[in-house]
Amino acid sequence: MKEYFTKRRKIIVFAVAVMAVTMIPYLVGFAQQGDEWRYTGFVIGVEDGNSYIAKMVSGASGNWLFRSPHSAVEQQGVIAYLPYIILGKLASGPAQHEQMVVLYHLARLVFGFFAILATYDFISIYIKKSNLRWWALVLISLGGGLGWILVAISQKGFFGSLPLEFISPESFGFLGIFGFPHLAAARALFLWGLTVFLKMEKGYLAGFLWLIMGFFQPMIVVIAWVIIGIFAVSVYLARLINSNKHFGFSKRNVEHLFRKVVQAVAVSGPIVIYTAYIFLTDPYFKAWTVQNQFPSPHFIHYFVAYGMVLPFAIAGLRKLFQDKMQESLLLSGWLIISPFLIYAPVITQRRLAEGIWAVLIIGMIGNYTDKEKIPTLVKGLLLLLLPSTLFIFLGSILTTANPSVPIFRKVDEVRAYEFIAAAADKDAVVLSSFEIGNNLPAWAPVRVVMGHGPETIGLAEIIAEVSAYFNQESITGDCEVLFKDFKAAYLFWGPEEMKNWNANPEENNCLIRIFNNGDYSIYEINYREKQ
């Protein structure tokens, strides 16, 4: 182990430096807190970020099984999001939200560091020259496609989507280490699993790494299975096509490879089987599956993202094949199958691009393995792969330097959250607008009626029902009409609610105001009505 880290001292310094720099926008955000604003802790994916902090809050309150706090429906509780639940258990005492955000980013820093290290190890299988490894590592970790050009010419909604560099952590490398610890951890375990699968005689360790990966992102386990399965089939077909054994793939070699695949799948299989079981049988997760959609954008976005690199990658893989025949078949098979994965008939298509950027960059750099250095013109082209990350990074600093919702919340609003955290029973249901419902569980161990796109079951119907109730001429009627349907114990009322709804909660006999701070009020719902 010591030798491993000694040989990678420069890589370790690079990884530490990269992860340290990614903290700058977040530190700017914390520095902007004051008498008016509180920082959520995020610069991208704020809605999802709040949901991850809410899972940590759930863990801190004593839960081990996942029940979404962003839905009021009954839930059995399952093993999911376990890393976040465990992470939340490390917090205690006052300033809980601040502790959660710090723990979240500590995890991101650690897992991002591992992701960069794992990327280097995977690169090292194919590229031997140190300077070429550096180019590959920088581009895989920090590079992107040409989507920045669309942003620069004000075409952010080109063919109905932002460029992939700005929305898809799976399609590239930077977003995962910049914003999402579970994706960084999954990337590290994914690539380390592939590395040991190629290097070791048996597939058990790769399977174990992917088993652990399944607790972070179970879908990537299936992607790993597809990749090694296609790899084994490719080796088998190469042997059939070249019966004179030109490639050196003996029958014994092929059988051994298939055994490794079986070993890896057998060890990592339980997490996939369990996940499939809960999505097929658990009522809550069956409904969630319908709402949790990540379709791939128009194919032109993938052309913008990968088009410049693809021809070089194909040529480079052919060259790598001359030196690393068997290992290069893994990359070639992965590249060939990637369009079918990205547009597979599943609701999470975009997620299936995981790792393909590494294949493209390794292939592209592979063109120069027999040269002393990369030609200057090509280096210029490679530098065109970096502006998207620069746009994201600088844009994040500008965003956190100028406080506004949703990245920041008003201090009075947060005080209302903190009141609920102190006054409400654990898992009490709070009715609010969608935006407040997204934030509240990140500060208090309660459940909300609505607050997260995929996790709030029946979201469209709930929004319509609640809006119809609060926009009627009078809400002086019985609380049974709406609130009991959701088993709500409290009503949150602030500017968001007043913006969306016309009602005055003071008119309703069963709403008892128990908190008021500026524009924010909390009402306890008394189903017996106040006298």
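Numbering (this note's numbering), first residue to last: 23 to 553. No residue lacks a Cβ here, since even glycine has one placed at the ideal position from N, Cα and C.
Check	Outcome
Here's the rule I'm using: 16 or more other beta-carbon atoms within 10 Å means buried, otherwise exposed. How should Met222 be labelled?	exposed
Go ahead and label Leu405 buried or exposed: buried means 16 or more other beta carbons lie within 10 angstroms of its beta carbon, across all protein chains shown.	exposed
Considering Cα atoms alone, identify which of Gly165, Gln55, Ala82, Ile145 is closest to Leu104.	Ala82
Mark Phe60 as exposed unless 16 or more other C-beta atoms lie within 10 angstroms of its C-beta, in which case mark it buried.	First, the residue type needs correcting, since residue 60 is Arg and not Phe in the sequence shown. By the 10 Å Cβ count, Arg60 comes out buried.
Is DSSP giving Ile175 helix, strand or coil here?	coil
Got a sec: does the ligand SAH put a non-hydrogen atom nearer than 6 Å to the Cβ of Ile189?	No copy of the ligand SAH appears in this structure; indeed no ligand is present at all.
Answer yes or no: do Phe492 and Ala438 have a C-beta to C-beta separation smaller than 7 Å?	no
At what residues does the beta strand (DSSP E) containing Tyr545 begin and finish?	542 to 547
Exposed or buried, what is Phe188 when buried is set at 16 or more other beta-carbons lying within 10 Å of its beta-carbon?	buried
Alpha carbon to alpha carbon, what distance is there between Ala208 and Ala298?	18 Å
Could you tell me the distance, in whole angstroms, from the CA atom of Ile383 to the CA atom of Ile145?	9 Å
Report buried or exposed for Lys506, applying the criterion of at least 16 other Cβ atoms within 10 angstroms of its Cβ.	exposed
Please determine, among Phe36, Gln348, Asp345, Phe52, the residue with the shortest C-alpha to C-alpha distance to Leu161.	Phe36
Please state if the CB of Asn530 and the CB of Ile497 are separated by a distance shorter than 7 Å.	yes
Assuming contact is defined by CB atoms lying nearer than 7 Å, are Ala94 and Val503 in contact in what I supplied?	no
With a 10 Å radius around its C-beta and 16 neighbouring C-beta atoms as the bar for buried, classify Tyr545 as buried or exposed.	buried
Is the CB-CB distance between Trp465 and His119 below 7 Å?	yes
Per DSSP, what kind of secondary structure is Ala482 in: helix, strand or coil?	helix
Nearest CA to the CA of Phe230: which residue from Leu205, His127, Gly291, Ala117?	Gly291
Using DSSP with H/G/I as helix, E/B as strand and the rest coil, what is Lys432?	strand
Leaving out five residues before and five after Pro467 in sequence, what residues of the same chain have Cβ atoms less than 6 Å from its Cβ?	Val79, Ser83, Lys448
Could you tell me which uninterrupted beta strand (DSSP E) segments, each at least 3 residues in length, are contained entirely in the region 26 to 79, listed from first to last along the chain?	59 to 61
Any idea what DSSP makes of Val513, helix, strand or coil?	Strictly speaking, residue 513 in this sequence is Leu, with Val absent from that position. Strand.
Quick one: using the 10 Å Cβ neighbour count with 16 as the cut-off for buried, is Pro317 buried or exposed?	exposed
Between which residues of its own chain and Tyr287 is the CB-CB distance below 6 Å, once the five residues before and five after are set aside?	First, the residue type needs correcting, since residue 287 is Val and not Tyr in the sequence shown. Taken in chain order, the residues that qualify are Trp247.
Just list the residues that DSSP pairs Leu533 with in beta bridges.	Ile547
Taking all protein chains shown into account, decide if Arg535 is buried (16 or more other Cβ within 10 angstroms of its Cβ) or exposed.	exposed
Can you have a look at Trp86 and say buried or exposed, based on whether 16 or more other CB atoms are within 10 angstroms of its CB?	exposed
Expressed to the nearest angstrom, what Euclidean distance is found between the alpha-carbon atoms of Pro319 and Ala327?	11 Å
Just how far apart, CA to CA, sit Tyr365 and His474?	25 Å
Give the single residue among Leu216, Leu227, Val289, Ile234 whose Cα lies nearest to the Cα of Phe253.	Leu216
Count the other CB atoms within 10 Å of the CB of Gln553; is the residue buried (16 or more) or exposed (fewer)?	Summary for Gln553: the model assigns pLDDT 41, below 50, so the residue's position carries little reliability; its value from the coordinates is reported in the next sentence. Answer is exposed; the Cβ neighbour count stays below 16.
How would you write the range of the beta strand (DSSP E) that Val451 sits in, first residue to last?	451 to 453
To the nearest angstrom, how far is the alpha carbon of Trp310 from that of Glu477?	6 Å
Let's test the definition: count the other Cβ atoms within 10 Å of the Cβ of Met23 and tell me whether it reaches 16, buried, or not, exposed.	exposed
Can you give the Cα-Cα distance for Ile107 and Tyr324, rounded to whole angstroms?	35 Å
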